[in-house]
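Here the protein sequences line up with chains A and B, keeping their order. For any residue, its number in the working numbering is found by taking its place in the first sequence, counting from 1, and adding 14. For any residue, its number in the working numbering is found by taking its place in the second sequence, counting from 1, and adding 14. Glycine is no exception: its CB is placed at the ideal position from the N, C-alpha and C atoms. Bear in mind the structure is a predicted one, so any value in this text is a computation, not a measurement.
Number of protein chains: 2
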Amino acid sequence: MNIGKAADQAGLPTKTVRYYADIGLVLPSSRTQTGYRNYDISSIKKLIFVKRARSFDFSIKECRELLGLYEEKNRSSSDVRKIAIHHLEEIKRKEEDLMKLRIELDHLVNACAGDDRPNCPIIDYLS
Amino acid sequence: MNIGKAADQAGLPTKTVRYYADIGLVLPSSRTQTGYRNYDISSIKKLIFVKRARSFDFSIKECRELLGLYEEKNRSSSDVRKIAIHHLEEIKRKEEDLMKLRIELDHLVNACAGDDRPNCPIIDYLS
DNA sequence: ATAATCCTTCCATTAAGTGGAAGGTCAAGA
DNA sequence: TCTTGACCTTCCACTTAATGGAAGGATTAT
């Protein structure tokens, strides 16, 4: 399968699939004599796997590790879980940061009249 | 004041202050004959303003707009509020996305035994 | 045969800095 | 006065995870 079809199957932009090949994340199964990338079913499954993992905001580095475990049939589920927990902690941290930010910014926005006058608690707070 | 002192006063890395000068966000008030950047109190206040705005995750572009309003003494607070509300919406959106992610990933992590066996709901879900 | 649609590689750009190299400047001590 | 150390300068490269585009080769349809 050509890269365009493979990208369609995986639901990824062609550019992204090519990028994943460039960085060695998901290599095409082969190349034609004229240099076209070939993707077989196994490589397309990997693309889909990466797409899902990315949608969970796993970094490319983490995707690489997860993909390694995905392929390693005698893996330990604890290895997978370790990566997932680490990522979960990261997400929780970000979520908390955003919540604090949201609350504080919400206060400021509510305190601001938002009229024609220059007086502004938001500017004051940042000054 | 030299850039190092100014950076200290603002609580920013020197590199960052130089970067802000490079992109025209906060220019030094002058230069010495030998090319050293000079920061007066007004420019240091701007650095602090930007630092605070950045800590609210306002983008550099937004910081530029806010800084413009900060300096414009006959501004309308509604202009400031508009930027802040827009940013707030963005933060809310991100927060919701993260929450969904966190909940889903939490389920997966809980479903995974995390032992020596290869069977793993996390991998299964991504496959 | 030719046009349209693929595909290739390579380069630039995005955001917001950070790190480092090569070299100029300044203040203090011997 | 010389030198050493701590500043400062500019310029280039690197980070993340792609994305956009140019120039040109391959394939397919008419």
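Can you say whether A:Pro42 is buried or exposed, counting buried as having 16 or more other CB atoms within 10 angstroms of its CB? Classification of A:Pro42: buried, given that the 10 Å Cβ count is 16 or more.
If we count the other Cβ atoms within 10 Å of its Cβ and call it buried at 16 or more, is A:Ser44 buried or exposed? Label assigned to A:Ser44: exposed.
Residue nearest to A:Ser56 in terms of C-alpha spacing, selected from A:Met15, A:Ile74, A:Leu80: The candidate whose alpha carbon is nearest that of A:Ser56 is A:Met15.
Is A:Ser141 helix, strand or coil by DSSP? Note: A:Ser141 maps to coil in three-state DSSP.
Could you tell me which chain B residues have their CB closer than 7 Å to the CB of A:Glu109, listed as they occur along the chain? Among the residues of chain B, those whose CB is under 7 Å from the CB of A:Glu109 are Glu109, Leu112, Met113, Arg116, following chain order.
Residue burial classification, B:Ile74 (beta-carbon count within 10 angstroms, cutoff 16): Around the Cβ of B:Ile74, a 10 Å sphere holds fewer than 16 other Cβ atoms; the residue is exposed.
Could you please tell me which residues of the region 117 to 136 of chain A, in chain order, have their CB closer than 9 Å to any CB of chain B? Those residues of the region 117 to 136 of chain A that come within reach of chain B (Cβ to Cβ, closer than 9 Å) are Glu118, Leu119, Asp120, Leu122, Val123, Cys126, Ala127, Gly128, Asp129, Asp130, Arg131, Pro132, Asn133, Cys134, Pro135, Ile136.
Taking just the CA atoms, how far does B:Glu103 sit from B:Lys114? Within the model, the alpha-carbon separation for B:Lys114 versus B:Glu103 is close to 17 Å.
Going by the CB atoms, is the gap between B:Leu61 and B:Ala24 shorter than 8 Å? Contact annotation: B:Ala24 and B:Leu61 have beta-carbon atoms nearer than 8 Å.
CB contact below 8 Å: B:Val94 versus chain A: B:Val94 counts as touching chain A.
Bridge-paired residues (DSSP) for B:Ser44: Answer is B:Asn52.
Excluding the five sequence neighbours on either side, which residues of its own chain have a C-beta within less than 6 Å of the C-beta of A:Cys126, listed in chain order? If we look at A:Cys126 and ignore the five residues flanking it on each side, its Cβ neighbours are Cys134, Pro135, Ile136.
Which residues bound the alpha helix (DSSP H) around B:Glu103? Run containing B:Glu103: 91 to 125, per the alpha helix (DSSP H) assignment.
Enumerate in chain order the residues of its own chain whose CB-to-CB distance from A:Thr30 is below 8 Å, with the five nearest sequence positions on each side excluded. For A:Thr30, same chain residues with a beta-carbon under 8 Å away, outside a window of 5 residues either side, are Ala21 in chain order.
What is the DSSP secondary structure of B:Phe63, reduced to helix, strand or coil? In the three-state reduction of the DSSP assignment, B:Phe63 falls in the helix class.
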